[in-house]
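Heads up: the structure comes next, in structure tokens.
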Amino acid sequence: MKFVKCPINHLPILLSILLFIQISTLSTASSLQPKVLTVGEELKGETLQLKFGQKFYKLVDLKEDFWYEVKISYPASIPASFSIELKKDLTDEHRNSNRRLLNTEKLIFKAESTEQVHVLVTVNAEGVVAQPSVLERELVLYNIVCDELMLGIPRFTWWVGFTAILCLLFAFIFPHYFPLHRLLEYNAQNQKEIKD
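Per mature numbering (1 follows the signal peptide of the UniProt record, and there is no 0): the sequence shown = residues -29 to -1, 1 to 167.
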């Protein structure tokens, strides 16, 4: 049996390589552990590695035959490109029907059964750092939420629509009972009485 001699001056390099391998496998394993994303609750301040970062989310409280929207929002100052993929399990091929807006990524889907559904969030760096002396960011910060849709609109935003309808009704009904020409006549009559 023959042993390879390792000089002591190479030992720190070997240890640093082993440590790097251990840390990279731990970070990969932790990104594959799905985090719970409950319908209607926003997860704020989530982070991913800017270069090829991935994270799984397990969607909870989905109802069968309802439409849902998974939405990611992130600061526009970070040059990143997000993608969201719907997966039935962690090994599923991706089904992607995203809708891209400014600094928001959306995925709309219908819950076909009560099976577990996962969402894979992937981020890639986009663009370059403008100043050569500034280091590029390592992490990207984002918020993620899953909302139930009703007629294509998130359920919690319906009150805004009802308020807008009430304002429009008020705008049409108010002039009927208080016409502008009567208000002008009343003001003219008041000014005339004040002068007299």
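Quick reminder that beta carbons are idealized off the backbone N, C-alpha and C, glycines included.
In this text the structure is predicted, and so the values were computed from the model without any measurement.
Self-check item: Spatial neighbours of E109 in its chain, beta-carbon cut-off 7 Å, leaving aside the 5 residues before and after
Solution: For this step, residue 109 is matched to residue 138 along the sequence shown. Hits under 7 Å: Q20 and L21.
Quiz item: What are the partner residues of T93, as DSSP defines its beta bridges?
Solution: For the purposes of this step, residue 93 is taken as the residue at position 122 of the sequence shown. According to DSSP, which records beta bridges pairwise, T93 is partnered with Q25 and S54.
Practice problem: Using a threshold of 8 Å, state whether the C-beta atoms of F23 and P5 are closer than that. | Solution: Numbered from 1 along the sequence shown, position 52 holds the residue referred to as residue 23. Numbered from 1 along the sequence shown, position 34 holds the residue referred to as residue 5. Contact flag unset, no.
Quiz item: Which class does V10 belong to by DSSP, given the choice of helix, strand or coil?
Solution: Taking the first residue of the sequence shown as position 1, residue 10 is located at position 39. V10 falls in the coil class under three-state DSSP.
Quiz item: Which residues mark the beginning and the end of the beta strand (DSSP E) in which I49 is found?
Solution: Along the sequence shown, one-based indexing puts residue 49 at 78. That residue, I49, is in no beta strand (DSSP E); it is neither H nor E in DSSP.
Quiz prompt | residue 225 versus Y45, R126, E164 and T134, residue with shortest Cα-Cα distance | solution = In this structure the chain extends from -29 to 167, so residue 225 is not present and cannot be described.
Practice problem: Consider the Cβ of P50: report whether some Cβ of chain C lies at a distance smaller than 8 Å. | Solution: Judged by its chain identifiers, the structure shown contains no chain C, having just a single protein chain.
Self-check item: Start-to-end residues for the beta strand (DSSP E) that takes in E119
Solution: Taking the first residue of the sequence shown as position 1, residue 119 is located at position 148. Taken as a continuous stretch (DSSP letters only), the beta strand (DSSP E) holding E119 covers L110 to M121.
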